[in-house]
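Mind the numbering: the sequence shown is residues 1289 to 1555 in this note's numbering, read in order.
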Amino acid sequence: DHLLFFTNKVMEPGMSLPSGMIFWIAFSFAFQVYADFSGYTDGARGLAKMLGFKLSLNFNFPFISSNPSEFWKRWHISLSTWLRDYLYIPLGGNRISLFRQNVNLMIVWILGGLWHGATYGYLVWGFYCGLQVVLYNIVQKYFLNLINNNIKILKYSIKLIGVFLTFWMFAFGLLLFQVHSPGELWSLAGNAFGGFYWNSVFAAKLFFLCFPLFCVEFWMIVWGGTDLFLEKIVATRYSWILFSFGIGILFCLFGVFEKKEFFYFQF
1289 DHLLFFTNKV MEPGMSLPSG MIFWIAFSFA FQVYADFSGY TDGARGLAKM LGFKLSLNFN
1349 FPFISSNPSE FWKRWHISLS TWLRDYLYIP LGGNRISLFR QNVNLMIVWI LGGLWHGATY
1409 GYLVWGFYCG LQVVLYNIVQ KYFLNLINNN IKILKYSIKL IGVFLTFWMF AFGLLLFQVH
1469 SPGELWSLAG NAFGGFYWNS VFAAKLFFLC FPLFCVEFWM IVWGGTDLFL EKIVATRYSW
1529 ILFSFGIGIL FCLFGVFEKK EFFYFQF
């Protein structure tokens, strides 16, 4: 919520941004939306489990994805699965030619954008996400598979580069939620290509807000995922006390205590 406060301020209509500031906004917005939505669904899963119900996982460490296709198998899994099962597969799925697959992917993603809201920004966002997946499918078929099969040493380098690019493509895509006209879209693009803005104080604040999330995510990945991580915490003697204390400290440091709605409640 602290990150969203900053993002809302700098994205106000008529606000003049320093060149390259959009990189900082995209970074902070991506982590705010992830923490908000993933935390909201994890809270719902936890409450359901207390009542004896098991809800499916909705986020599976999406920021370690090395390509757009993998990302959407890890992010908002319930929506991407619904789009796959009820739109993409009935349109032909993977049983048809690559060209028709890509056309269908664009149709599905544009409809997915309109599902979020019938506005210019969501329409552009759907097109943008669909284009990412289509371009990746083409690159994978004609270039990446050839490289991975013949030049093994480049395989992991390509994966690391893919993680970096996938995150930033997603982060910039989120900013399209704030776009309401073609003029705003061009202004956004112009700021991104206008250089890079650096402010040591702001960078330190952003690091201070995001670093705990990095640590918790890394810890859960090492321990085998969200559910297994929590089971191990509970099963290990006294670990749950230490873990609860740590969470309490983080809550005191970063908690926003006035009444706020979850970001995704608008959808």
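Don't be surprised by glycine CBs; every beta carbon is placed ideally from N, CA and C. Since this is a predicted model, take the numbers as computed values, not measurements.
query                                                                                                                  : result
Meets three-Cβ-pair contact criterion under 8 Å: the segment 1314 to 1332 and the segment 1340 to 1359                 : yes
Neighbourhood of L1379 by C-beta distance below 8 Å, restricted to the same chain and skipping five residues each side : N1392, I1395, V1396
Where F1556 falls, given that 16 or more other Cβ within 10 Å makes a residue buried                                   : The structure shown does not extend to residue 1556, since the chain spans only 1289 to 1555, so no value can be given for it.
C-alpha distance - S1445 paired with V1510, whole-angstrom precision                                                   : 21 Å
Which listed residue (T1369, G1471, L1501, F1506) has its alpha carbon closest to that of Y1408                        : G1471
Local conformation of R1383 per DSSP, three classes                                                                    : coil
At least 3 beta-carbon pairs within less than 8 Å: the segment 1461 to 1470 vs the segment 1402 to 1418                : yes
Coil, strand or helix - G1282 by DSSP                                                                                  : With the chain represented from 1289 up to 1555, any question about residue 1282 goes unanswered, as that position is not in the structure.
Completely contained alpha helix (DSSP H) runs for the segment 1305 to 1376, where each covers 4 or more residues      : 1309 to 1338, 1356 to 1362, 1365 to 1371
Close Cβ partners of I1608 (< 8 Å) along its chain, the five nearest in sequence each way excluded                     : With the chain covering only 1289 through 1555, there is no way to say anything about residue 1608.
Candidates V1412, L1518, I1449, of which the one nearest W1474 by Cα                                                   : V1412
Whether F1550 touches D1324 by CB criterion (8 Å)                                                                      : yes
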